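**Student:** Take the position in the sequence shown, starting the count at 1, then add 2; the result is the number in this note's numbering.
Below you will find the structure I want to go over with you.
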Amino acid sequence: MTTIVLAAGLSERMGRNKLLLPFRNEPIIIHTIRNALEFSDRVIVVTGNEREKLEKAIAHLDVDIVFNPNFRKGQRMSSLLGVENVEDDDFAILPGDLPLLGRKEAEKGKLALSDSSIARLFFNSIPGHPVFYRKENRDTLLSYPHSMKSYLKERGCRLLESTAASVFDIDTPEKYQTLIRSDGNLSILEDYIDVSVPGDGSTKNSL
Numbered sequence: 003m004t005t006i007v008l009a010a011g012l013s014e015r016m017g018r019n020k021l022l023l024p025f026r027n028e029p030i031i032i033h034t035i036r037n038a039l040e041f042s043d044r045v046i047v048v049t050g051n052e053r054e055k056l057e058k059a060i061a062h063l064d065v066d067i068v069f070n071p072n073f074r075k076g077q078r079m080s081s082l083l084g085v086e087n088v089e090d091d092d093f094a095i096l097p098g099d100l101p102l103l104g105r106k107e108a109e110k111g112k113l114a115l116s117d118s119s120i121a122r123l124f125f126n127s128i129p130g131h132p133v134f135y136r137k138e139n140r141d142t143l144l145s146y147p148h149s150m151k152s153y154l155k156e157r158g159c160r161l162l163e164s165t166a167a168s169v170f171d172i173d174t175p176e177k178y179q180t181l182i183r184s185d186g187n188l189s190i191l192e193d194y195i196d197v198s199v200p201g202d203g204s205t206k207n208s209l
C-alpha cells in the first residue's frame with residue numbers, strides 16, 4: 003500500500019499553514035505522516051505552499067517528497083501528481099490535516115480492496131479519508147478529465163464505517179482550537195462533528 007499525503011494547499015480558511023500548527027508538541031503534518039507510515043509500505047508527500055518550511059519539518063521521516071508547482075490550482079492537481087508517482091501498488095489518498103487517523107481505521111480500507119476496487123471511510127454519514135484504490139485505478143484516474151469526486155461517483159466505492167478521526171480535519175481556527183482543547187480525544191470530538199454539512203467535517207461548536 004502506497005499512501006499519498008496531500009500537503010500542498012493554501013490553508014485559506016485557516017489564514018496560515020495549518021499543517022505546521024503544533025499539536026502535542028509537533029506540527030500536525032508530522033502526526034498525519036507518522037500514522038500513515040504505520041499502515042503503508044510507502045508514503046508520498048505532495049508539497050506546494052510553503053514547501054521549504056514543510057519539507058524541512060518532515061525531512062527526518064522516511065517519505066518520498068514530490069513538489070506540485072501548480073498547487074494553486076487545487077487539490078485535484080496534487081492528488082494526480084501523487085498518483086502519477088505510485089508504482090505497481092494499491093494506493094490511498096489522505097489529506098495532511100487528519101492527524102488522528104491511525105492504523106486501526108486504515109486497515110479496514112486495505113482489507114476492503116480484496117473484493118472492492120475503491121473503498122472509503124465515513125463517520126455519521128460524512129464521507130471521510132483516506133480513499134483507497136486498487137492499483138488498476140492508477141491509469142484510469144490519470145486520464146480521467148473530471149474531478150476526483152466525479153470519478154468516485156461514476157465508478158462507485160465501498161463505504162466503511164470508521165471513527166471521527168476519518169473526518170475531523172483542521173481547516174479553520176475554531177476546529178484547531180477544538181483539537182487542542184480536546185487533546186485529540188475522539189470520544190469528545192464525536193460530539194463536534196456536524197452531520198448537516200456532509201463532507202467537510204465541520205464542528206458544531208467549540209470546546
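For every residue, glycine included, the Cβ atom is placed at its ideal position computed from N, Cα and C.
Source: prediction; values computed, not measured.
In three-state DSSP terms, what is E86?
**Tutor:** Translated into the one-based positions of the sequence shown, residue 86 becomes position 84. Three-state result, E86: helix.
**Student:** For E138, count neighbouring Cβ atoms within 10 angstroms of its own Cβ and tell me buried if that reaches 16, exposed if not.
**Tutor:** Locating residue 138 in the sequence shown gives position 136, where the first residue counts as 1. So E138 ends up on the exposed side.
**Student:** Since M150 and R78 should fall inside the 8 Å C-beta cutoff, what is the C-beta to C-beta distance between them, to a whole number of angstroms?
**Tutor:** Numbered from 1 along the sequence shown, position 148 holds the residue referred to as residue 150. Numbered from 1 along the sequence shown, position 76 holds the residue referred to as residue 78. That belief holds up - the Cβ atoms of M150 and R78 are roughly 6 Å apart, short of 8 Å.
**Student:** Under 8 Å: do the stretch 52-59 and the stretch 84-95 share three or more Cβ pairs, one atom per stretch?
**Tutor:** Contact between the stretch 52-59 and the stretch 84-95 is absent, because fewer than three Cβ pairs lie under 8 Å.
**Student:** If we call anything under 9 Å between Cβ atoms a contact, is T4 one with E89?
**Tutor:** As a working note, residue 4 is residue 2 in the sequence shown. As a working note, residue 89 is residue 87 in the sequence shown. In contact: T4 and E89 (Cβ atoms closer than 9 Å).
**Student:** Would you mind working out which of L63, R36 and G98 sits nearest S80, comparing C-alpha positions?
**Tutor:** In the sequence shown, counting from the first residue as 1, residue 80 sits at position 78. Among L63, R36 and G98, the Cα nearest to that of S80 is on G98.
**Student:** Please classify N37: is it buried, with 16 or more other beta-carbons within 10 angstroms of its beta-carbon, or exposed?
**Tutor:** The count along the sequence shown starts at 1 and reaches residue 37 at position 35. That one is buried.
**Student:** Looking only at its own chain, which residues have a Cβ that is under 7 Å from the Cβ of A121, when we skip the five neighbours before and after it?
**Tutor:** Within the sequence shown, the letter at position 119 stands for residue 121. Answer for A121: G111, A114, L115, F134, C159, R160 and L162, listed in chain order.
**Student:** Does the beta-carbon of N70 have 16 or more other beta-carbons within 10 angstroms, so that it is buried, or is it exposed?
**Tutor:** Position 68 of the sequence shown, counted from the first residue, corresponds to residue 70. It is buried - the Cβ of N70 has at least 16 other Cβ atoms within 10 Å.
**Student:** Spatial neighbours of L83 within its chain, please: CB distance less than 7 Å, with the 5 preceding and 5 following residues excluded, ordered by chain position.
**Tutor:** As a working note, residue 83 is residue 81 in the sequence shown. V48, V68 and N70, listed in sequence order.
**Student:** Roughly how many angstroms lie between the CA atoms of R15 and L21, to the nearest whole one?
**Tutor:** Sequence index remark: in the sequence shown, residue 15 carries index 13 (1-based). Sequence index remark: in the sequence shown, residue 21 carries index 19 (1-based). Distance between the alpha carbons of R15 and L21 is about 13 Å.
**Student:** Return helix, strand or coil for L113, following the three-state DSSP convention.
**Tutor:** Position 111 of the sequence shown, counted from the start, is the residue given in the question as residue 113. DSSP places L113 in helix when its eight states are reduced to three.
**Student:** For I195, does the three-state DSSP call read helix, strand or coil?
**Tutor:** In the sequence shown, residue 195 corresponds to position 193, counting from 1. If DSSP states are grouped into helix, strand and coil, I195 belongs with coil.
**Student:** Is the beta carbon of P101 less than 9 Å from the beta carbon of G186?
**Tutor:** Looking up residue 101 in the sequence shown gives position 99. Looking up residue 186 in the sequence shown gives position 184. A contact, by the Cβ cut-off of 9 Å.
**Student:** Can you give the Cα-Cα distance for Y194 and F25, rounded to whole angstroms?
**Tutor:** To locate residue 194, count along the sequence shown from 1; it is residue 192. To locate residue 25, count along the sequence shown from 1; it is residue 23. Roughly 18 Å between the two C-alpha positions.
**Student:** Count the other CB atoms, across all protein chains shown, that sit within 10 Å of the CB of E109; report buried if there are 16 or more and exposed otherwise.
**Tutor:** Working through the sequence shown from its first residue, we reach residue 109 at position 107. Label assigned to E109: exposed.
**Student:** Please check the pair A166 and F124, which I expect to be a contact at CB under 8 Å, by giving their CB distance rounded to whole angstroms.
**Tutor:** Counted from its first residue, the sequence shown places residue 166 at position 164. Counted from its first residue, the sequence shown places residue 124 at position 122. Contact doesn't hold; Cβ gap of about 11 Å is too wide.
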